[in-house]
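Every letter in the sequence shown is one number past the one before it in full-length UniProt numbering, and letter 79, counting from 1, is 79.
Just so it is clear, CB atoms sit at the ideal spot from N, CA and C, and this is done for glycine as well.
Remember, it's a predicted structure, so these values are computed and weren't measured experimentally.
Notes follow once the structure below has been shown.
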Amino acid sequence: MPRKFSVAAGAALFISWNAILLLYLMSRSHGTDHSDLTAHVIQGGRTVRVEYTTRDTFKAMARAFGVMEDLKSGVARAAYKGVVSFIHRGRRVFLAPPKDWAGYD
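If you want it as structure tokens, here you go:
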């Protein structure tokens, strides 16, 4: 549940993150659905998976689609498990690494 914090301009705000329940952010709560979606093209033709193989091919494809191409430590800034999802011309696109991708650098 989102929390609202009211703070006067210029005032410091301390948040005890250890006291806030953040389990809903853990990847296992949505990882399975994400894997199912990105593993194959979903029937109906409105969702596609475009595969990149290297950093350079990722950057070229991201540039062609007009999405953020920045990498930091080998990770696309907008990626979840290596996959960048976005809408292009009314289609959902998953710009994804190879299926045997082992993880980040």
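CB of residue i within 9 Å of CB of residue j, strictly
i     : j     : result
VAL93 : ARG49 : yes
PRO98 : THR47 : no
Contact belief for residue i with residue j at Cβ below 8 Å, rounded distance in angstroms
i     : j     : result
MET68 : ALA60 : Contact flag wrong, Cβ pair sits at about 14 Å.
ALA96 : GLY82 : 7 Å
LEU71 : ARG55 : 6 Å
Residue i, buried or exposed, once every other Cβ within 10 Å from all chains shown has been counted against 16
i     : result
TYR80 : exposed
PHE58 : buried
ALA76 : buried
For residue i, the residue or residues it bridges with in DSSP
i     : result
ILE15 : Its beta-bridge partners do not exist; DSSP assigns none.
LEU95 : VAL50 and VAL84
ALA76 : LEU71
Test: residue i CB closer than 9 Å to a CB of chain B
i      : result
ALA102 : Structure shown: chain B not included; a single protein chain is present.
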